[in-house]
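Have a look at the structure below before the remarks.
Number of protein chains: 4
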Amino acid sequence: MGAEIGEFLSLDDFERHALAVLPTMPRDYYRSGAWAETTLAENRAAWDRLRIWYRVMRDVALRTSRAELMGRNAAMPLCVAPTALQRMAHPDGELATARAAAGAGVPMILSSLSSTSVEEVRAAATSVDPAARTWMQMYIGRDRGAVRALAQRAHAAGCDALVLTVDTPVWGIRERDIRNHFRVPDGMRIVHLERAGGPSGHEGRGIHEALAWTIDASLTWKDFEWLRDSSPLPVILKGICRAEDAARGVELGAQGILVSNHGGRQLDGAPATVDALPHCVDAVAGRVPVLVDGGVRRGTDVLRALALGAQAVCVGRPVLWGLAAGGEAGVARVLEILAHEFDVTLALAGCQCVSDVTSDLLRP
Amino acid sequence: MGAEIGEFLSLDDFERHALAVLPTMPRDYYRSGAWAETTLAENRAAWDRLRIWYRVMRDVALRTSRAELMGRNAAMPLCVAPTALQRMAHPDGELATARAAAGAGVPMILSSLSSTSVEEVRAAATSVDPAARTWMQMYIGRDRGAVRALAQRAHAAGCDALVLTVDTPVWGIRERDIRNHFRVPDGMRIVHLERAGGPSGHEGRGIHEALAWTIDASLTWKDFEWLRDSSPLPVILKGICRAEDAARGVELGAQGILVSNHGGRQLDGAPATVDALPHCVDAVAGRVPVLVDGGVRRGTDVLRALALGAQAVCVGRPVLWGLAAGGEAGVARVLEILAHEFDVTLALAGCQCVSDVTSDLLRP
Amino acid sequence: MGAEIGEFLSLDDFERHALAVLPTMPRDYYRSGAWAETTLAENRAAWDRLRIWYRVMRDVALRTSRAELMGRNAAMPLCVAPTALQRMAHPDGELATARAAAGAGVPMILSSLSSTSVEEVRAAATSVDPAARTWMQMYIGRDRGAVRALAQRAHAAGCDALVLTVDTPVWGIRERDIRNHFRVPDGMRIVHLERAGGPSGHEGRGIHEALAWTIDASLTWKDFEWLRDSSPLPVILKGICRAEDAARGVELGAQGILVSNHGGRQLDGAPATVDALPHCVDAVAGRVPVLVDGGVRRGTDVLRALALGAQAVCVGRPVLWGLAAGGEAGVARVLEILAHEFDVTLALAGCQCVSDVTSDLLRP
Amino acid sequence: MGAEIGEFLSLDDFERHALAVLPTMPRDYYRSGAWAETTLAENRAAWDRLRIWYRVMRDVALRTSRAELMGRNAAMPLCVAPTALQRMAHPDGELATARAAAGAGVPMILSSLSSTSVEEVRAAATSVDPAARTWMQMYIGRDRGAVRALAQRAHAAGCDALVLTVDTPVWGIRERDIRNHFRVPDGMRIVHLERAGGPSGHEGRGIHEALAWTIDASLTWKDFEWLRDSSPLPVILKGICRAEDAARGVELGAQGILVSNHGGRQLDGAPATVDALPHCVDAVAGRVPVLVDGGVRRGTDVLRALALGAQAVCVGRPVLWGLAAGGEAGVARVLEILAHEFDVTLALAGCQCVSDVTSDLLRP
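Here it is, written out as structure tokens:
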């Protein structure tokens, strides 16, 4: 299987392969969007509608993809989006992703629904690059003590940011998971969120039942303030589409805004993230970085996001497809393709570096 | 067959099943739109075009779907739209629908072309919930005495509103019915509209011939005034798409406006109801409730309708698909899915209750 | 074959049947558009994009489809568009069409490329209805004497208008005809345009070679003035899409403007006629009637045309499909379907007569 | 094979045939666009969206397609776009194209990646028509001496313009070529760009590796100025989409602007050339001619380009399909079809000559 990786030329190649080889339950868990999956499709389609009005005759020989990313430098303006239970895609799971991301020089956002602990993930990342960065994705569940404890674990393990998901007062309904009676596979655990009740807590009818206790519908901005005060780490808010919510978050101390609709997995009918991005960028007005995820599949999408004012993109499902194809090597190849495509895109658009990617590339 | 109901996750599941199991004549009667069925398709597509700009970090733990509906409280902002001859879908027909609607806490609009009498329907509804609400759909046919008598029957039977269909001066042409030589099935009767001529009056070439005598092309606003004065019940006007007609109706005493194009069964080429809705909402200007039907298939559509100013939606064909799948239990499951989807939609959009559903959710 | 006509419910039914039963050469000649047939498709699609904002509660019991059409009354605002060589569709050809149009109470425009003479056509029409109207379609070919003679023949035969096609300085390229080596079938003649050279003049590679001599690329407005002065009959200009050309024609004495792109058979890429119509209506400003053809397939299209300011529509290909299905009876059924659909459309849109069809039905 | 050419009626016919008969490697090299090929598709689709509001009753009997093209007269406003390695399509390669273009009276732009030398191409062209025009396409590669030498060779061979490609700081990624392990076929050479290293330099993984050394990512406007000063020939800049780049080029001495996105082979996501054209026309403001390539397949496209302000179009892939079908005869037929279609388009649009093609034909 790994032998094929070298012949995959695009993230679409990886997706086709993964959909063919993964067992039904994880495949559908990863691929699904909520309800009729219109937002899932729109996330992708909206990128393709943006035309890139490239420039010519700029010296791009010495170009670089390096970018500031949440206050530090990254190899490119991209990080790995959080996705749950990566061991369903490959036995090495999050460890493989951590090593590949570290090798590619980009941060990894670790899902709090991971199948590997943050400490192991950090060890894997820093074994490749001592400066590797990991951000811990968090839900604020009903047990606030457990939330605070996880934030502290993340800090202690060397994470340099928290990513608080705010689009999940309840779980979105993914019909494929219900049909498949989705459950956490035998021998796998959601290691950060174990309850006294044991593994039976993970079973049930779809992820929204299996994991209902990990979230809390009563969350308000006060809970964000509580988390902000509970950890020295900067907090990025993930799951915002409205300008007013982006502005509110920044005013209350968010250190970053990740424009996201949870990969189309929460509210079907939500706008494509790339359509929401400019509104949030305007509202944030440069006070903190704005990131975006959802449907990013090509290096050209990275440039589009930057031209709309994002500091970086996050990529989720393609990393899972990489894992499915070859563990660490698969993820590394996915990131390598994106890096190469973005490098070529920069060159072809006439940009030496990310600061050359300005809004006029999309609106001449 | 009933065993499958529990596995149906969406109204689309019910539709697929019903189209597979119903005999040709009722299936086509229920599914058809007029002529080329462009309005039928557009009714559905227009909902999908509306993006929901959800809010985050609102406390939605104690949310409720309860809504005022024509002056009283309902479990959610939804009622069952009138559809004819429900015994073609299941032997229990309108009785099953009445029990399921009462169980779900939503009004049922009984078609005057029903295969069960309003008295039996009311008895079924109140046997489940003494407070169950039934609204009587009416045509003003050529025999005004019969119309007045039916209005009085409805009132006596405990209906709390009349729903006057105003988009049917003549019957729309549904080609499938003509091809199928549609007729009222043996052993079934349009109980409220029987004529001296007997069952032969129900036969013919398509519903528009079978039922020509039940309507009257000469109707004007004076006839609405006559009906208004003929019954103590409030009258909702059903089938309006133009702002001026909505305003005229309200000025003449309509207690509600139901924006509808008869499920695409009358004038093919009419606008999608969701496109007509804002015009009517503006014209009515809050004087009476505005309802809407046509293509509602998801809880997200309910929220969209409310965000555009509707007080509630009506759902027609999916109820028939529920009947076909399992009688009362099928309809109950259809309504349960809608209720659950709407509840989740409220939560994911950051709304505690229907009054939080404001227009900025669609137009940020 | 004729037995099936009664079961055809729409013009689309006739089209499907005709495409299945006609021999390749006439089928392709009739169905073809120029080049890639984009205008052919767009002609149809553009009608479907127009939504009809119907009115309710107007007394439409005594409605009528009767309409003034070029100064006289017609049964509906419709006439038969000119199409060539109708005997390729049915042995009775233009005679069948003439009888059916007369029976339906609508004018027939006889193509100058007909396979039957205007005198025979007039005899057939007036045998059904002494008041039947026939308009003679004309090209101004290189032989001006022949043109004048044909205009005189048309007048003598009782035609009450000339329809001068102005979109054909050269023949459009219809690739199907070239592939089929289109020629006038044996035993058939273009009776009005015979040349000294005999039938060999009709052979060749596609209609544009076979008929090159019947047109003249040098035509200017002066030629129209010449024709106008050569005949006492009013002249309608057919094939106009630009406002300035419509205005120029009226200023020079045209008695009617027929907005047409020759059924998509001349310049592929030309605008859909319904998109051109409002521009021409504005330019003509009520001085003479404006007609439109191209893609009319439903009674709703007739109402749309009137709402945009047309006095009537012309229908071409569907008449050929009617001929193919059953000669006169087929054409009669095609016209009957259109009449019935238009009558139902009037009723459902809340119109008593064609003067009730105003622009607000499309733009509320 | 050649026998079929006479039956090909459109450039699409040639494409279908070529895709069926060419071996995989050249077929995919020619047909490919970059990455997901969205710009490749959009190039074509954008032409089709433009409607032609034709004029009627203009005398077009004596019309002509002749056009000024870069200061001299051409048979029509069209030239052959540069495409590499034409011997992959037919053994006669560029010689066949040169003879066909000369025969058709239009310039040929010779690719610097040709499989035949400019001297041989010139000889072939002038053998047909002593006044035949050839323009030499150039990349400025790392070896500036070789570039200057090629410019001088082109001048010496009788070329009358240089066409400098400016959209290729790096090669676009065409995935089909990578999959096919594209390499210059045995027995074929990129004659103008041979390196000391010999044929091994042409092998590798896709054209972007095989030919990396022929381009230079460090190019700036200064390099254009250098080329401009290195040759007495006028220089046309090819590959521009932005108004500012068009204006800059003209200010620095470009004698023509060719709006192009390299046939969708460089930056996937770039705008369709026809959408970029009006911006460049405005910016150039008549100072030098503007040309356009990309998706031109019909004579109507030529008229559209002129109506948007282009002086001419360039056609690339269809010439290769012509070569594949029959060498010189195939190319001649392709050009003949375009010439005939443009002639008919002029007539049907009411234009006597290219100066009659004004912007109101697209925007009435």
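Residue numbers (the numbering used here), protein chains in the order written: chain A, 3 to 366; chain B, 3 to 366; chain C, 3 to 366; chain D, 3 to 366.
Where a beta carbon is used, it is the ideal one built from N, C-alpha and C, also for glycine.
Since the structure is predicted, the reported quantities are computational estimates derived from the model, not experimental observations.
Query                                                                                                                                        : Result
Excluding the 5 residues flanking E96/D on each side, which residues of the same chain have their C-beta closer than 6 Å to its C-beta?      : Q88, S116, T118, V123
Can you tell me whether DSSP reads C282/B as helix, strand or coil?                                                                          : helix
Is Q139/B helix, strand or coil when you go by DSSP?                                                                                         : strand
DSSP three-state call for C295/B: helix, strand or coil?                                                                                     : One detail in the question is off: residue 295/B reads as Asp in this sequence, not Cys. It is a strand residue.
Name the residues in the stretch 238-271 of chain B whose C-beta lies less than 7 Å from a C-beta of chain C; which are they?                : G241, I242, C243, R244, A245, D247, Q268, L269, D270, G271
Would you list the residues sitting across from E96/B in a DSSP beta bridge?                                                                 : BP columns for E96/B are empty, so no partner.
Based on the DSSP secondary-structure assignment, which residues constitute the bridge partners of M110/A?                                   : V82/A, T136/A
Using CA coordinates, which residue listed in T40/D, L229/D, A351/D, I175/D is at the minimum distance from G251/D?                          : L229/D
For my contact list, A334/B and A100/B are in at a C-beta cut-off of 8 Å; report their separation, rounded to the angstrom.                  : A334/B to A100/B, Cβ: 11 Å. No contact.
Just confirm the distance between the C-beta atoms of P171/B and V62/C, as a whole number of angstroms; I'd bet it's less than 8 Å.          : 5 Å
For R74/D, report the span of its beta strand (DSSP E) as first-last.                                                                        : 74-76
Within 10 angstroms of its Cβ, does P2/D collect 16 or more other Cβ (buried), or is it exposed?                                             : The question about residue 2/D has no answer here: the residues shown for chain D are numbered 3 through 366.
With a Cβ-Cβ cutoff of 7 Å, do L308/C and V276/C count as a contact?                                                                         : no
Under a CB-based cut-off of 7 Å, is G206/B close to chain A?                                                                                 : A caution first: G206/B carries a pLDDT of 46, below 50, which makes its placement in the model unreliable, though a value can still be read off. Chain A contact via Cβ: absent.
Using the C-alpha atoms, what's the distance from V315/D back to E70/D?                                                                      : 12 Å
M78/B versus chain A: which residues are under 9 Å apart at the beta carbon?                                                                 : Residues of chain A passing the Cβ test: none, with the nearest at roughly 16 Å.
Pull up the CB-CB distance for R150/A and G352/A, whole angstroms please, since I reckon it's below 8 Å.                                     : That pair is no contact at about 48 Å.
I'd like to know whether the C-beta atoms of N45/B and G258/B end up nearer to each other than 7 Å.                                          : no
For the beta strand (DSSP E) that E196/A lies in, which residues bound it at each end?                                                       : Here E196/A belongs to no beta strand (DSSP E), and DSSP marks it neither H nor E.
Where do the N-terminal and C-terminal ends of the beta strand (DSSP E) with V165/A fall, by residue?                                        : 163-167
Touch check for the stretch 76-86 of chain C and the stretch 241-255 of chain B: three-plus C-beta pairs under 8 Å?                          : no
Give me the Cβ distance between V261/D and V290/D, rounded to the nearest whole Å; I'm assuming they're in contact under 8 Å.                : With a Cβ gap of about 12 Å, V261/D and V290/D do not count as contacting.
Is the beta carbon of R74/A sitting closer than 7 Å to the one on V120/A?                                                                    : no
Is it the case that the Cβ atoms of Q313/A and D169/A are separated by a distance below 7 Å?                                                 : no
Listing by chain order, which chain D residues have their CB less than 7 Å from the CB of H281/C?                                            : P366
Does the beta carbon of G199/A come closer than 7 Å to any beta carbon on chain D?                                                           : Low confidence applies here, because G199/A scores a pLDDT of 44, under 50, leaving its location unreliable; read the following figure in that light. It does not; no Cβ of chain D falls within 7 Å.
Pull up the distance between the alpha-carbon of H157/D and that of S233/D, whole angstroms please.                                          : 8 Å
Look at the Cβ atom of A36/D, then the Cβ atom of G174/D, and state whether they are nearer than 7 Å.                                        : yes
Compare the C-beta of D47/D with all C-beta atoms of chain C and state if any pair is closer than 7 Å.                                       : Per the sequence presented here, residue 47/D reads as Ala, with Asp not at that position. By this cut-off, A47/D is not an interface position.
Under 8 Å Cβ to Cβ from L364/A, same chain only, skipping five residues before and after it: list those, please.                             : L52, R53, I54, W55, R306, A309, L310
I'd like to know whether the C-beta of L164/D is nearer than 7 Å to at least one C-beta of chain A.                                          : no
When the cut-off is 7 Å and only beta carbons count, does D169/D lie next to chain A?                                                        : yes
Applying a beta-carbon distance threshold of less than 9 Å, which residues of chain B neighbour S220/A?                                      : D61, V62, A63, L64
The alpha helix (DSSP H) spanning G324/D covers which residue range?                                                                         : 319-351
Just to confirm before moving on: does the CB-CB distance between R300/C and E253/C stay below 7 Å?                                          : no
For G324/A, which residues in the same chain have their Cβ closer than 7 Å to its Cβ, ignoring the five residues on either side in sequence? : F16, G332, V333, R335, V336
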